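Going down the list, the sequences are from chains L and U.
Going by full-length UniProt numbering, the letters in the first sequence line up with residues 1 to 244, in that order.
Going by full-length UniProt numbering, the letters in the second sequence line up with residues 1 to 283, in that order.
C-beta atoms are modelled at their ideal positions from N, C-alpha and C, and glycine is treated no differently.
Computed from a predicted structure; not experimentally measured.
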Amino acid sequence: MTNYQLTYKRFSEASILVQWPQKIAPEILADMLAFKNNLLNSEHSSILQITNAYSSILITYRDYISNFESEITFLKTKYASRQNLEKQDSKLWKIPACYDCHFALDLEEISNEKQLSPSEIIKLHVDAVYNVYFIGFLPGFLYLGGLNERLFMPRIKSPRQHVEKGAVAIGGEQTGVYPNASPGGWNIIGNSPLNFFNSDLETPCFANAGDRIQFMAVDFKTHQEILVEVQNGTYNIESEVNDG
Amino acid sequence: MVEVLKSGLFDSIQDLGRVGVQQFGVPMSGAMDQYSAKLANAILGNEQEAAVLEFTLLGPTLKFCIETAICLTGMECQAKINKEPIENNRYVLIKKDDVLSFGKRELGFRGYLAVLGGFQSEKVMESRSFYRMITTQERLKTGDVLKIRTVPVPAKVANAIVKTPKAHSETLILEVFKGVEFALLSADQKQQLLSTTFTITKDSNRMAYQLQEGLPNDLHPILTSAVLPGTIQLTPSGQLMVLMRDCQTTGGYPRILQLSEMSINRLSQKTPGDKFRFNILNY
């Protein structure tokens, strides 16, 4: 287990930011989650919540942090005593996505830009297994790492006022799915019929930081059928536990 | 029940927001000026988390269908029950069919109406705060009917006269702490940040306040990381964006300053065109 040089900074009156080296890397994700888990298990009563992003963790306290230095000492102890998480805790989710031209508004543009045929682009997109780093931007928006670098594509020049719910898109070095209709500047290559956020559920998002996802290409007819099943609550998302 | 006879410019139900669900990308939300929201509840003897009605610049016209008590805080805007003026920060008895209306704004920008027992609108993820994509409604509209609790109404409560300091809406100084990327700024940028009088633009809402005066910026965007209400981001074009209660949970711009909790409340009472300066505090 690598011990990273972490920096601890006061973020606000009641929160502390812990930073790892500023890059997107699966080993940093695993290290952050191990630290976060150790902190959660410590049942520190004044910690309200812990959220992670690509290479940082925000620890929010119930009240003003009156003794910052002793809190940092506590956090450092908890970093030193962290344990690697069991692999079985992470799941691989199979996400149906339709790359039909009906949805893939920017597929042709990427094809021209990258000198790849649409089917090559789709193959590169579904072959990769993506790590879920965190959820942000919109409720249920998964930040994924692991996009094939041949698909890196700058955001579109004029963001769209309306991106459809379920849009599968590429923005820079990232790919993701819009969980709800929203304005957006990523290149749209397909659509997933799944619900990525449901506030009625105790766990509103099926995927967690540390899980992995893989897209599976479905045709338009299958997409529409799954959409109906999702609306009726009868669709089961395929998942498997990490086999290492 | 309370009937919205005429909605105001932007009315919503707010409590202290959704805390603990930011890991799902859910914004905190909650009353913009939490000092005023808590004060209104305290004067009525409600719990501080009770849901209040937040209104902006132009208040709504409301009809009460039951007997209750209310308290107004925040913006001062010639509130009347039927034709009788009422004051802010007071326990006010309401009879069935009373109509509450508001006039011209005199002070502040956001008003709060608390009712005895709190508004009973839908609760999503432990909060009644309106937010698009989370609650069915984003704002109140004319004709809406709001549920309130039927509770015995004390004829009056023994409360001292509570005054909100004028500075709450009139301060020219907002207190901030150094943001986590503050150290990346040059000496010139830091100097400018402290000496500039900033103006609030019209592009200011519950998500963020945009400031008119910018700062020359050569900082690179950061790897997406956490942001909070009160985080001040410096955009690539050099604009300062002050995140407010409905902000996203993560962002990619350098976080150069962080407003104190009280300064978030105070900024919420400022209107587009108002000016202020920053004063950096140490924790």
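* Quick one: is Asn131 of chain L near chain U, going by C-beta distance under 8 Å? -> One-based indexing of the first sequence puts residue 131 of chain L at position 131. Using a Cβ-Cβ cut-off of 8 Å, Asn131 of chain L does not count as an interface residue toward chain U, since no Cβ of chain U sits closer than that to its own.
* Cα separation between Val132 of chain L and Gly273 of chain U? -> The residue labelled residue 132 of chain L in the question sits at position 132 within the first sequence. The residue labelled residue 273 of chain U in the question sits at position 273 within the second sequence. Rounded to the nearest whole angstrom, the C-alpha separation of Val132 of chain L and Gly273 of chain U is 42 Å.
* With distances taken Cα to Cα, identify the nearest neighbour of Ser46 of chain L among L:Trp20, L:Pro21, L:Ile16 and L:Pro26. => For the purposes of this step, residue 46 of chain L is identified with residue 46 of the first sequence, where counting begins at 1. Closest in C-alpha terms to Ser46 of chain L, from the list L:Trp20, L:Pro21, L:Ile16 and L:Pro26, comes L:Ile16.
* Asked: Is Glu229 of chain L helix, strand or coil when you go by DSSP?
  -> Position 229 of the first sequence holds residue 229 of chain L. DSSP places Glu229 of chain L in the helix class (H, G or I) of the three-state scheme.
* Chain-ordered chain L contacts of Val180 of chain U [CB-CB under 7 Å] -> Taking the second sequence and counting its residues from 1, one reaches residue 180 of chain U at position 180. Against Val180 of chain U, the close residues of chain L are Lys9, Phe11 and Leu17, in the order they occur along the chain (beta-carbon pairs closer than 7 Å).
* Min CB distance Glu175 of chain U to chain L below 8 Å -> If you number the second sequence from 1, residue 175 of chain U lands on position 175. Under the 8 Å criterion on CB atoms, Glu175 of chain U is classed as non-interfacial with respect to chain L.
* Counting only runs of 4+ residues fully inside the segment 211 to 276 of chain U, write out the alpha helix (DSSP H) ranges in chain order. => The DSSP assignment places complete alpha helix (DSSP H) segments of no fewer than 4 residues inside the segment 211 to 276 of chain U at 261 to 267, in order along the chain.
* Counted within 10 angstroms of its Cβ, other Cβ atoms place His102 of chain L as buried (16 or more) or exposed -> Within the first sequence, the letter at position 102 stands for residue 102 of chain L. In the assembly as shown, His102 of chain L is an exposed residue. Its beta-carbon has fewer than 16 other beta-carbons within 10 Å.
* **Cβ of Ala51 of chain U within 8 Å of any chain L Cβ** => Stepping through the second sequence from its first residue, residue 51 of chain U is reached at position 51. With its beta carbon at least 8 Å from every one in chain L, Ala51 of chain U lies outside the interface.
* To do: Mind reading off the beta-carbon distance from Val2 of chain U to Cys65 of chain U? Whole number of angstroms is fine, and I expect it under 8 Å.
  => Working through the second sequence from its first residue, we reach residue 2 of chain U at position 2. Working through the second sequence from its first residue, we reach residue 65 of chain U at position 65. Taking a contact as a CB-CB distance under 8 Å, the pair Val2 of chain U and Cys65 of chain U counts as one, their CB atoms being some 7 Å apart.
* Roughly how many whole angstroms lie between the Cα atoms of Asn279 of chain U and Gly179 of chain U? -> The count along the second sequence starts at 1 and reaches residue 279 of chain U at position 279. The count along the second sequence starts at 1 and reaches residue 179 of chain U at position 179. Straight across, the Cα-Cα distance linking Asn279 of chain U with Gly179 of chain U is about 13 Å.
* **Cβ-based contacts, 7 Å cut-off: residues of the segment 113 to 133 of chain U near chain L** => For the segment 113 to 133 of chain U, the residues whose beta carbon sits under 7 Å from a beta carbon of chain L are, in order, Val124, Met125 and Met133.
* To do: Tell me whether the beta-carbon of Val163 of chain L lies closer than 8 Å to the beta-carbon of Tyr143 of chain L.
  => For the purposes of this step, residue 163 of chain L is taken as the residue at position 163 of the first sequence. For the purposes of this step, residue 143 of chain L is taken as the residue at position 143 of the first sequence. No. Outside cutoff.
* Meets three-Cβ-pair contact criterion under 8 Å: the segment 252 to 271 of chain U and the segment 95 to 102 of chain U -> Proximity of the segment 252 to 271 of chain U to the segment 95 to 102 of chain U falls short of the contact definition, fewer than three beta-carbon pairs being nearer than 8 Å.
* Asked: Can you list, in chain order, the residues of its chain whose CB lies under 8 Å from that of Lys78 of chain L, leaving out five sequence neighbours each side?
  -> Indexing the first sequence from 1 puts residue 78 of chain L at position 78. These residues qualify, in order along the chain: Phe35, Asn38, Leu39 and Ser42.
* Asked: Could you check where the beta strand (DSSP E) with Glu67 of chain U kicks off and where it finishes?
  -> Translated into positions along the second sequence, residue 67 of chain U becomes position 67. Premise fails: Glu67 of chain U is in no beta strand (DSSP E) and is neither H nor E.
* Could you tell me the distance, in whole angstroms, from the CA atom of Glu113 of chain L to the CA atom of Ile189 of chain L? => Walking along the first sequence from the start, residue 113 of chain L turns up at place 113. Walking along the first sequence from the start, residue 189 of chain L turns up at place 189. Looking at the backbone, the Cα of Glu113 of chain L and that of Ile189 of chain L are separated by about 14 Å.
* Span separating the alpha-carbon of Leu16 of chain U from that of Val52 of chain U -> Position 16 of the second sequence, counted from the first residue, corresponds to residue 16 of chain U. Position 52 of the second sequence, counted from the first residue, corresponds to residue 52 of chain U. For Leu16 of chain U and Val52 of chain U, the distance between alpha carbons rounds to 10 Å.
* Asked: Does Tyr54 of chain L get closer than 8 Å to chain U when you measure Cβ to Cβ?
  -> Numbered from 1 along the first sequence, position 54 holds the residue referred to as residue 54 of chain L. For Tyr54 of chain L, the nearest CB of chain U lies under 8 Å from its own CB, placing it at the interface with that chain.
* What number of angstroms, rounded off, separates the C-alpha of Arg10 of chain L from the C-alpha of Glu84 of chain U? -> As a first step, residue 10 of chain L is located in the first sequence; it is residue number 10 there, counting from the start. As a first step, residue 84 of chain U is located in the second sequence; it is residue number 84 there, counting from the start. Across the structure, Arg10 of chain L and Glu84 of chain U are spaced so that their CA atoms are roughly 49 Å apart.
* Asked: So does the segment 25 to 45 of chain U actually touch the segment 86 to 95 of chain U, counting three or more Cβ pairs closer than 8 Å?
  -> Inter-segment contact for the segment 25 to 45 of chain U and the segment 86 to 95 of chain U is present: three or more beta-carbon pairs are separated by less than 8 Å.
* Asked: Which of the three DSSP states, helix, strand or coil, is assigned to Leu16 of chain U?
  -> In the second sequence, the residue the question calls residue 16 of chain U occupies position 16. The answer is coil: DSSP assigns Leu16 of chain U none of H, G, I, E or B.
* Is the shortest distance between the beta-carbon of Ile13 of chain U and the beta-carbons of chain L less than 8 Å? -> As a working mapping, residue 13 of chain U is identified with position 13 in the second sequence. Chain L, which has no Cβ nearer than 8 Å to the Cβ of Ile13 of chain U, makes this no.
* How big is the Cα-Cα spacing for residue 284 of chain U and Pro229 of chain U? -> This structure gives no information on residue 284 of chain U, because the portion of chain U shown stretches from 1 to 283.
* **Backbone CA spacing between Ile170 of chain L and Phe74 of chain L [nearest angstrom]** => Position 170 of the first sequence holds residue 170 of chain L. Position 74 of the first sequence holds residue 74 of chain L. Going by C-alpha positions, Ile170 of chain L is about 40 Å away from Phe74 of chain L.
* To do: List the DSSP bridge partners of Leu100 of chain U.
  => Position 100 of the second sequence, counted from the first residue, corresponds to residue 100 of chain U. Leu100 of chain U is bridged by DSSP to U:Leu62 and U:Ile81.
* Asked: Does the beta carbon of Tyr253 of chain U come closer than 8 Å to any beta carbon on chain L?
  -> As a first step, residue 253 of chain U is located in the second sequence; it is residue number 253 there, counting from the start. No, Tyr253 of chain U lies away from the interface with chain L (no Cβ there is under 8 Å from its Cβ).
* **Ordered list of beta strand (DSSP E) runs contained in the segment 81 to 129 of chain L, each at least 3 residues** => For the segment 81 to 129 of chain L, whole beta strand (DSSP E) runs of length 3 or above, ordered along the chain, are 91 to 97.
* Say whether chain L places a C-beta atom closer than 8 Å to the C-beta of Phe102 of chain U. => The residue given as residue 102 of chain U occupies position 102 in the second sequence. The beta carbon of Phe102 of chain U does not come within 8 Å of any beta carbon belonging to chain L, so the residue lies off that interface.
* **Cβ of Ser199 of chain L within 8 Å of any chain U Cβ** => Locating residue 199 of chain L in the first sequence gives position 199, counting from the first residue. Chain U has a Cβ within less than 8 Å of the Cβ of Ser199 of chain L.
* Does the beta carbon of Tyr143 of chain L come closer than 8 Å to any beta carbon on chain U? -> For this step, residue 143 of chain L is matched to residue 143 along the first sequence. Tyr143 of chain L belongs to the set of residues whose beta carbon lies under 8 Å from a beta carbon in chain U.
* Asked: Using a C-beta cutoff of 8 Å, does Gln22 of chain L count as contacting chain U?
  -> For the purposes of this step, residue 22 of chain L is taken as residue 22 along the first sequence, with counting starting at 1. So yes, Gln22 of chain L belongs to the interface.
* Asked: Between the C-alpha atoms of Gly244 of chain L and Pro26 of chain L, what's the straight-line distance to the nearest angstrom?
  -> Within the first sequence, numbered from 1, the residue matching residue 244 of chain L stands at position 244. Within the first sequence, numbered from 1, the residue matching residue 26 of chain L stands at position 26. Bear in mind that the predicted position of Gly244 of chain L carries a pLDDT of just 48, short of 50, making it unreliable; the figure below should be weighed with that in mind. Computed Cα separation, rounded: 14 Å.
* **Under 8 Å between C-beta atoms of Leu62 of chain U and Leu5 of chain U** => Residue mapping note: residue 62 of chain U aligns to position 62 of the second sequence, counting from 1. Residue mapping note: residue 5 of chain U aligns to position 5 of the second sequence, counting from 1. Less than 8 Å divides the Cβ of Leu62 of chain U from the Cβ of Leu5 of chain U.
* **Residues bridged to Ser15 of chain L [DSSP beta-bridge criterion]** => Translated into the one-based positions of the first sequence, residue 15 of chain L becomes position 15. For Ser15 of chain L, which the question treats as bridged, DSSP gives the partners L:Ser12 and L:Thr60.
* Asked: In or out: Arg18 of chain U buried (at least 16 other Cβ within 10 Å) or exposed?
  -> As a working note, residue 18 of chain U is residue 18 in the second sequence. It is buried - the Cβ of Arg18 of chain U has at least 16 other Cβ atoms within 10 Å.
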